[in-house]
Amino acid sequence: MRMLGVVVVIFIAAPLLIVVPMSFSSARSLQFPPPGYWLGYYQAYFTDLTWLRPTWNSIVIATATMVLTMVLVVPATFALVRHRFAGKSIADLMMLMPLAVPHIVMAVGYYSFLGEYRLVHTHIGVVLAHTCLSVPIAFLVLSANLKGFDRTLERAAQSLGASPIKTFIHVTLPILRPGLVISALFAFVQSFDETVVAIFISGRNAETLPRKMFDSIRQEADPVIAVISTLLFAAVLLALLAPAGWKGIRSRLRARTPPTAITTGR
Amino acid sequence: MTSYLQIDGVTKKFGDFTALEKVDLSVRKGEFVTFLGPSGSGKTTTLMIIAGFEKATHGDVLIEGRSISRLAPHERNIGIVFQNYALFPHKTAAENVYFPLQMRSIARSAGLRKAQEMLSLVGLEGMGGRYPKELSGGQQQRVALARALVFEPSLLLLDEPLGALDKNLREQMQIEIKRIQRTLGVTTIFVTHDQSEAMSMSDRIVVFEKGRIEQAATPLDIYHRPATRFVAGFVGESNLVPAEIKDAGGVAESAALGACDFEPAEPVSPGDNVTLLIRPEHIRLSRKPIEGRKNVSMHVDTIVNYGDNSLVIGRVGDLQMRVRVLGADVVIIKEGEDCCVSWLPESVYAIPAA
Ligand SMILES: Nc1ncnc2c1ncn2[C@@H]1O[C@H](COP(=O)(O)OP(=O)(O)OP(=O)(O)O)[C@@H](O)[C@H]1O
Ligand SMILES: [Mg+2]
Numbered sequence: 000m001r002m003l004g005v006v007v008v009i010f011i012a013a014p015l016l017i018v019v020p021m022s023f024s025s026a027r028s029l030q031f032p033p034p035g036y037w038l039g040y041y042q043a044y045f046t047d048l049t050w051l052r053p054t055w056n057s058i059v060i061a062t063a064t065m066v067l068t069m070v071l072v073v074p075a076t077f078a079l080v081r082h083r084f085a086g087k088s089i090a091d092l093m094m095l096m097p098l099a100v101p102h103i104v105m106a107v108g109y110y111s112f113l114g115e116y117r118l119v120h121t122h123i124g125v126v127l128a129h130t131c132l133s134v135p136i137a138f139l140v141l142s143a144n145l146k147g148f149d150r151t152l153e154r155a156a157q158s159l160g161a162s163p164i165k166t167f168i169h170v171t172l173p174i175l176r177p178g179l180v181i182s183a184l185f186a187f188v189q190s191f192d193e194t195v196v197a198i199f200i201s202g203r204n205a206e207t208l209p210r211k212m213f214d215s216i217r218q219e220a221d222p223v224i225a226v227i228s229t230l231l232f233a234a235v236l237l238a239l240l241a242p243a244g245w246k247g248i249r250s251r252l253r254a255r256t257p258p259t260a261i262t263t264g265r
Numbered sequence: 000m001t002s003y004l005q006i007d008g009v010t011k012k013f014g015d016f017t018a019l020e021k022v023d024l025s026v027r028k029g030e031f032v033t034f035l036g037p038s039g040s041g042k043t044t045t046l047m048i049i050a051g052f053e054k055a056t057h058g059d060v061l062i063e064g065r066s067i068s069r070l071a072p073h074e075r076n077i078g079i080v081f082q083n084y085a086l087f088p089h090k091t092a093a094e095n096v097y098f099p100l101q102m103r104s105i106a107r108s109a110g111l112r113k114a115q116e117m118l119s120l121v122g123l124e125g126m127g128g129r130y131p132k133e134l135s136g137g138q139q140q141r142v143a144l145a146r147a148l149v150f151e152p153s154l155l156l157l158d159e160p161l162g163a164l165d166k167n168l169r170e171q172m173q174i175e176i177k178r179i180q181r182t183l184g185v186t187t188i189f190v191t192h193d194q195s196e197a198m199s200m201s202d203r204i205v206v207f208e209k210g211r212i213e214q215a216a217t218p219l220d221i222y223h224r225p226a227t228r229f230v231a232g233f234v235g236e237s238n239l240v241p242a243e244i245k246d247a248g249g250v251a252e253s254a255a256l257g258a259c260d261f262e263p264a265e266p267v268s269p270g271d272n273v274t275l276l277i278r279p280e281h282i283r284l285s286r287k288p289i290e291g292r293k294n295v296s297m298h299v300d301t302i303v304n305y306g307d308n309s310l311v312i313g314r315v316g317d318l319q320m321r322v323r324v325l326g327a328d329v330v331i332i333k334e335g336e337d338c339c340v341s342w343l344p345e346s347v348y349a350i351p352a353a
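As structure tokens, this is what we get:
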């Protein structure tokens, strides 16, 4: 069992051990091990518009995808998890459909479909396509959370004088918050990471970062790619560690406050 | 009897299944009423109809003469303690208790002060800052109780609140709940399927069976004068003997026991079929017949020793009988032997056949 763990960690860590040093490399193209080290490619990334624009596009598209996904998925999940209605199992299946269809098939479909509405090569077009791909992931995460939600909490709130709306705001939403945050995060990452559909429909105008990286590695193997990979990894690491760090700080603060004063909570 | 809460002919159907059938009950102000009954007998359903989470198919629920059937749960001002406590995990104990006050637009500082007072009443002084997961089961139970009481509800409902606690804590909480209920004088309905809990806590016990009320009476009446065979069998241990009335003054005849004297509590007439109830602890075990008591001979099959008492199970003819013996009295007898069992006429209660 432990051996297996070690193997898994090695397989995950190996690419990082190669990519991170390469980002500081002084070589002209991707080369391992690096002949020397400098920060030039970091400077190149942060000053070159041909890299910054796709980055910005990706951020905008992923954010919009995340928002649109949540607007669709939150009500849909409540309906599908909590209510019974005719055609529910079909609706359930439709929500998960995009997971089963290969991205390349989806991409070709979007290309011709969006083309008809003149949405190819636009931000909106990419956001719509990415939302379709994000919905099933966000739905899976959120429905698992909602199924585990103890509904007697809502009954308790109502017996204590909370109207259904107040119950939702004061009880349901805060308790589901971790699930909501995670499913939104998955929607964001899905879009930020998506390459196949982006290659087909993002074009020059809405070019996303993965697409730009793909183009670049085909043409010149620009070491900036290693820089971006390293930065992305750092961002993910930060996002993962932030909650734990925040908890540590808070519990230390709480431990210092006298017990009578801590009725206000978080 | 002026009634405070009135349940008026309530019937509840889930599809074809009738969960409650024509339930009538009236509860006085300040009364502590326990719903007792086997699993699936409709206790929770009745509670949920009072609370407004289920709608009665027929019938009405009234508080102080006014129907509450049309009010939404949050408009009813009824405090509920659920079996799993249902504390809000994202709020501290004090915030949980403050919640109903917050919903009634009471300012945070005043509300939290009131919440702390309530927490002190339930014995949780200074624990207001803890989150539910930082509290033990018994402590969570107390928070739930404080939260259900802080807004001065017109009614307190508790659905098997002690089910998840171990025996010692359970007994401690029984006393505690009783004390708090008396202090505040709140009208309370308590659901349990633990009969000793029902006995020790209630002003009145309502026995449910298959969606009907079998009997609603004081604990002593439920125990000594059960209305039906079911109540006699469900509450406490019992010997139930089918018999026929021979004399309205108090003689019944049964196949196993022969003629048996009893003190009639309800009017009976000769020829009536009844069930005689003799509680195991009212039966005495001896080597020889005892003067002034009804004596029969019993063959002892099994003796179960509980330390402070023993249960002797034997046969009188083909009738199985159970006898409770305190302390060391049981030493006089061994399994497989014959002995004499006896009781007084006033220990026999004749349950009329339905
Ligand atoms: N929502 C529902 N749909 C269908 N049947 C139900 C529903 N709620 C309860 N019942 C049925 O109604 C009957 C009474 O249930 P209820 O929960 O009131 O029993 P209870 O006396 O509280 O039992 P327990 O001691 O097990 O809690 C049961 O047979 C139950 O299966
Ligand atoms: Mg129940």
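From first to last, the protein sequence lines are chains A and B.
Going by numbering that gives the first Met the number 0, the residue at position 114 of the first sequence is 113; the numbering climbs one at a time, nothing skipped.
Going by numbering that gives the first Met the number 0, the residue at position 71 of the second sequence is 70; the numbering climbs one at a time, nothing skipped.
We put the CB at the ideal spot given by N, CA and C, even for glycine.
What three-state label does DSSP hand residue i in the structure shown?
i, result
"residue 182/A", "helix"
"residue 0/A", "coil"
"residue 126/B", "coil"
"residue 224/A", "helix"
"residue 57/B", "strand"
"residue 232/A", "helix"
"residue 53/A", "helix"
"residue 85/B", "coil"
"residue 343/B", "coil"
"residue 370/B", "Because residue 370/B is not part of the residues shown, which for chain B are 0 to 353, the question remains open."
"residue 149/A", "coil"
"residue 255/B", "coil"
"residue 232/B", "helix"
"residue 47/A", "coil"
"residue 207/B", "strand"
Starting from residue i and walking both ways along the beta strand (DSSP E), at which residues does that stretch end?
i, result
"residue 261/B", "From DSSP, residue 261/B is part of no beta strand (DSSP E); its letter is neither H nor E."
"residue 30/A", "Where residue 30/A is concerned, there is no enclosing beta strand (DSSP E), given that its DSSP letter is neither H nor E."
"residue 167/B", "No beta strand (DSSP E) contains residue 167/B, which is instead part of the alpha helix (DSSP H) from 166-183."
"residue 79/B", "77-80"
"residue 31/B", "31-35"
"residue 107/B", "No beta strand (DSSP E) contains residue 107/B, which is instead part of the alpha helix (DSSP H) from 107-120."
"residue 157/B", "154-158"
"residue 186/B", "First-last for residue 186/B: undefined, no H or E at that position."
Among the options, which residue has its Cα nearest to the Cα of residue i?
i, options, result
"residue 164/A", "311/B, 318/B, 288/B and 71/B", "71/B"
"residue 219/B", "177/B, 230/B, 211/B and 210/B", "230/B"
"residue 145/A", "100/A, 79/A and 22/A", "79/A"
"residue 77/B", "60/B, 88/B, 90/B and 93/B", "60/B"
"residue 266/A", "48/A, 105/A, 87/A and 137/A", "Not covered by the structure: residue 266/A. The range shown for chain A is 0 to 265."
"residue 23/B", "8/B, 33/B, 102/B and 32/B", "8/B"
"residue 208/A", "228/A, 219/A and 220/A", "228/A"
"residue 29/B", "338/B, 181/B, 212/B and 208/B", "181/B"
"residue 125/B", "142/B, 109/B and 289/B", "142/B"
"residue 342/B", "301/B, 67/B, 272/B and 262/B", "262/B"
"residue 314/B", "324/B, 339/B and 119/B", "339/B"
"residue 297/B", "332/B, 84/B, 214/B and 252/B", "332/B"
"residue 109/A", "48/A, 127/A and 95/A", "127/A"
"residue 118/A", "53/A, 197/A, 96/A and 76/A", "197/A"
"residue 265/B", "256/B, 275/B and 252/B", "275/B"
"residue 222/A", "7/A, 32/A, 11/A and 1/A", "32/A"
Please report the residue range of the alpha helix (DSSP H) in which residue i lies.
i, result
"residue 87/A", "87-99"
"residue 222/B", "218-223"
"residue 146/B", "136-148"
"residue 201/B", "Per DSSP, residue 201/B belongs to no alpha helix (DSSP H) and is neither H nor E."
"residue 138/A", "122-146"
"residue 102/A", "102-115"
"residue 245/B", "That residue, residue 245/B, is in no alpha helix (DSSP H); its beta strand (DSSP E) goes 238-246."
Any C-beta of chain B within less than 8 angstroms: which residues of the stretch 133-154 of chain A qualify?
149, 151, 152 and 154
Selection of the stretch 49-65 of chain B by Cβ proximity to chain A, strictly under 9 angstroms
50, 51 and 52
Pick out every residue whose C-beta is nearer than 7 angstroms to a heavy atom of ligand 2: which are they, in chain order?
42/B, 43/B, 158/B, 159/B and 190/B
Mind checking the stretch 102-128 of chain B against chain A and listing, in chain order, the residues whose C-beta falls within less than 9 angstroms of any C-beta there?
102, 103, 107, 111, 114, 115, 125, 126, 127 and 128
Against chain B: residues of the stretch 155-186 of chain A by CB proximity under 7 angstroms:
155, 157, 158, 159, 160, 161, 162, 165, 170, 173 and 174
Would you list, in chain order, the members of the stretch 9-22 of chain B that have their beta-carbon closer than 7 angstroms to a beta-carbon of chain A?
none
Between the stretch 162-189 of chain B and chain A, which residues of the former have CB atoms less than 7 angstroms from a CB of the latter, in chain order?
none
Closer than 7 angstroms, Cβ to Cβ, to anything on chain A: give me those residues from the stretch 84-96 of chain B, in chain order.
85, 87, 88, 89, 90, 91, 93 and 94
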